[in-house]
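There are 2 protein chains.
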Amino acid sequence: VKVEVAAEKAKWLVEPGCVIIGTTGVYEKANAMTFSWQTPITSGIPCKILLVIHPDRYSYELLKRNGEIALNIPGERLVREVHLFGSVSGRERDKIAESGLLLERAKTISPPLMADCPANLECRLGEVIPAGQHDLLILEVVRALVETDVFDGSSIIPERFKTLHYLGGRKYGVLERSLAAL
Amino acid sequence: VKVEVAAEKAKWLVEPGCVIIGTTGVYEKANAMTFSWQTPITSGIPCKILLVIHPDRYSYELLKRNGEIALNIPGERLVREVHLFGSVSGRERDKIAESGLLLERAKTISPPLMADCPANLECRLGEVIPAGQHDLLILEVVRALVETDVFDGSSIIPERFKTLHYLGGRKYGVLERSLAAL
């Protein structure tokens, strides 16, 4: 079961530095792309997340059409799909159909959410900052959802969420243990 | 034993989204601050890393003086120090002295490296982009070092490095397992 996360807490869903599946386009014709380069850039409200993207990406083309993107946070079980979405272009193949993953409608934006991801953030594109090789996209989170059993109300629970962290090539790290600083 | 990492591979030291201890100032009078908001923004050369910082931070004041910062990547053993460096200002306390951590001289910049961190990146400050609440700092990596037993030549080895990933409050996730996408 997923519940809404308050805007001021949405950043904790991406703060660990995990990979994100960005879904763009519309529910009927969507694309998915994996991002490893992301970071929150605000505390409090509004929640803003920075995403780094290469200007040539098909997802960028779709994002510019409606200014909307959903960020879907996968757990370890989706590592195969994460790698597919990060290494093949949606211009050539319908990656979502290939993956067999289930989409569901977002509430505030046109791109769909990935039902199999424990957390989803509905975002609108704000400022775009060219930074040489890549562009920096400032996203504003308008709605965030998380499965109740992987979020304690303030932080993700890595033991249950098992977020993926890109290491290079086909390798991913799995975050599955937490500790408290004394 | 630490070895130099080629510039085009330096990004793999921060790519997993781990927390970073930034050291600023000079060897004789340095400050340390923990950053969770970071991401690479380039592939290849030069290696550029984006760091998000609040304008009021003491580390920012020091960084502006000489335009240099070292990024030190801690492993799990330093969780107590990571939390100290992230929750107390260097204006009030000499955090490095309190921590007892050992500094060593960098080769290309004035701020020191943290000897106890398995990886270190010597960086120069490039463009600064105001982004509302926080500023975006574009850093160029001029020299990178890593302990030979935690890096396989292309990626970090989480089983040995055990990078820390911020979860909120006093909580950190530990990255200590990897898997390959099939």
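Heads up: the sequence lines are chains A and B, in that order. Residues 14 to 195 in the numbering used here are what the first sequence spells out, letter by letter. Residues 14 to 195 in the numbering used here are what the second sequence spells out, letter by letter. Cβ coordinates follow ideal geometry from the N, Cα and C atoms, glycine included.
Exercise for the section: Report the three-state DSSP secondary structure of Pro-124 (chain B) (helix, strand or coil). Expected result: Note: Pro-124 (chain B) maps to coil in three-state DSSP.
Problem - Beta-carbon separation (whole angstroms), Trp-25 (chain A) vs Ile-170 (chain A), contact threshold 8 Å - result: The distance from the Cβ of Trp-25 (chain A) to that of Ile-170 (chain A) is about 11 Å, inconsistent with a contact at the 8 Å cut-off.
Exercise for the section: Compare the C-alpha of Gly-186 (chain A) against each of B:Gly-181, B:Leu-126, B:Leu-180 and B:Ala-193 and name the closest. Expected result: Across the set B:Gly-181, B:Leu-126, B:Leu-180 and B:Ala-193, the C-alpha of B:Ala-193 shows the shortest separation from the C-alpha of Gly-186 (chain A).
Practice task
Compute the Euclidean distance between the alpha carbons of Lys-61 (chain B) and Ile-33 (chain B), then round it to the nearest angstrom.
Solution key: Near 15 Å, if we compare the C-alpha coordinates of Ile-33 (chain B) and Lys-61 (chain B).
Problem - CA-to-CA distance, His-147 (chain B) to Thr-55 (chain A), given in whole angstroms - result: Here the alpha carbons of His-147 (chain B) and Thr-55 (chain A) stand approximately 7 Å from one another.
Exercise for the section: Run the CB neighbour count on Gly-38 (chain B), radius 10 Å, all protein chains shown included, and call it buried at 16 or more, exposed below. Expected result: Using a 10 angstroms sphere on the CB of Gly-38 (chain B), the tally of other CB atoms reaches 16 or more, which defines it as buried.
Exercise for the section: Hey, could you find the ends of the beta strand (DSSP E) Arg-173 (chain B) is sitting in? Expected result: From DSSP, Arg-173 (chain B) is part of no beta strand (DSSP E) but of the alpha helix (DSSP H) over 171-174.
Problem - Contact with chain B by Glu-160 (chain A), beta-carbon distance below 8 Å - result: Chain B contact via Cβ: absent.
Handout entry: Cβ pair Gly-88 (chain A), Ser-167 (chain B) closer than 8 Å
Key = Cβ atoms of Gly-88 (chain A) and Ser-167 (chain B): not closer than 8 Å.
Practice task
Check the Cβ-Cβ distances between Pro-29 (chain A) and every residue of chain B, and say whether any is below 8 Å.
Solution key: For Pro-29 (chain A), the nearest CB of chain B lies under 8 Å from its own CB, placing it at the interface with that chain.
Practice task
Report all residues from its chain with a CB closer than 6 Å to the CB of Gly-139 (chain B); omit the five preceding and five following residues, and keep chain order.
Solution key: Closer than 6 Å at the Cβ level, and outside the excluded window around Gly-139 (chain B), lie Ile-151 and Glu-153.
Practice task
Compute the Euclidean distance between the alpha carbons of Val-16 (chain B) and Pro-53 (chain B), then round it to the nearest angstrom.
Solution key: One C-alpha to the other measures close to 21 Å.
Practice task
Put Tyr-40 (chain B) into one of helix, strand or coil per three-state DSSP.
Solution key: Three-state result, Tyr-40 (chain B): coil.
Exercise for the section: Output yes if chain A places a C-beta closer than 8 Å to the C-beta of Pro-68 (chain B); else output no. Expected result: Against chain A, the CB of Pro-68 (chain B) has no partner CB under 8 Å away; the residue lies outside that interface.
Handout entry: Distance between beta carbons of Cys-31 (chain B) and Ile-86 (chain B), contact taken as under 8 Å
Key = Right, their Cβ atoms sit about 6 Å apart.
Handout entry: Span of the alpha helix (DSSP H) around Ser-8 (chain A)
Key = An answer regarding residue 8 (chain A) cannot be provided, because it is not within the stretch 14 to 195 covered by chain A.
Practice task
Identify the contact partners of Glu-189 (chain A) in chain B, using a Cβ-Cβ distance below 7 Å as the criterion.
Solution key: Under a criterion of Cβ atoms nearer than 7 Å, the residues of chain B adjacent to Glu-189 (chain A) are, in order, Arg-190.
Problem - For Leu-195 (chain A) and Arg-220 (chain B), believed in contact at Cβ under 8 Å, the rounded distance - result: Since the displayed chain B opens at 14 and closes at 195, residue 220 (chain B) lies outside it and no answer follows.
Problem - Pairwise C-alpha distance: Glu-105 (chain B) and Ala-45 (chain B) - result: Those two C-alpha atoms are separated by around 12 Å.
Handout entry: Cβ pair Pro-124 (chain B), Glu-81 (chain B) closer than 8 Å
Key = Between Pro-124 (chain B) and Glu-81 (chain B), the C-beta gap is smaller than 8 Å, which places the two residues in contact.
Practice task
Answer yes or no: the CB of His-147 (chain A) versus the heavy atoms of the ligand SAM, is any distance below 7 Å?
Solution key: What this structure holds is no ligand at all, so the ligand SAM is not there to describe.
Problem - CA nearest to the CA of Arg-90 (chain B), picked from B:Tyr-179, B:Arg-183 and B:Lys-175 - result: Ranking B:Tyr-179, B:Arg-183 and B:Lys-175 by Cα distance to Arg-90 (chain B) puts B:Lys-175 first.
Problem - Close beta carbons around Ile-122 (chain B), own chain, < 6 Å, minus the five adjacent residues each side - result: By the criterion of a C-beta distance shorter than 6 Å, Ile-122 (chain B) is surrounded in its chain by Glu-81 and Glu-135, once the five residues flanking it on both sides are discounted.
Handout entry: Residue span of the alpha helix (DSSP H) that contains Lys-77 (chain A), given as start and end
Key = For Lys-77 (chain A), the enclosing alpha helix (DSSP H) begins and ends at 71-79.
Handout entry: Val-154 (chain B) at chain A interface by Cβ criterion, 8 Å
Key = Residue-level contact by beta carbon fails for Val-154 (chain B) and chain A, as no gap is shorter than 8 Å.
Practice task
Please classify Asp-165 (chain B): does DSSP put it in a helix, a strand, or coil?
Solution key: The answer is coil: DSSP assigns Asp-165 (chain B) none of H, G, I, E or B.
Exercise for the section: Would you mind working out which of B:Ala-43, B:Asp-129 and B:Leu-149 sits nearest Glu-160 (chain B), comparing C-alpha positions? Expected result: Closest option to Glu-160 (chain B), Cα to Cα, is B:Asp-129.
Problem - Proximal chain B residues relative to Gly-181 (chain A), where beta-carbon distance stays under 8 Å - result: Neighbours of Gly-181 (chain A) on chain B, chain order: Trp-25, Glu-28, Ser-167 and Ser-168.
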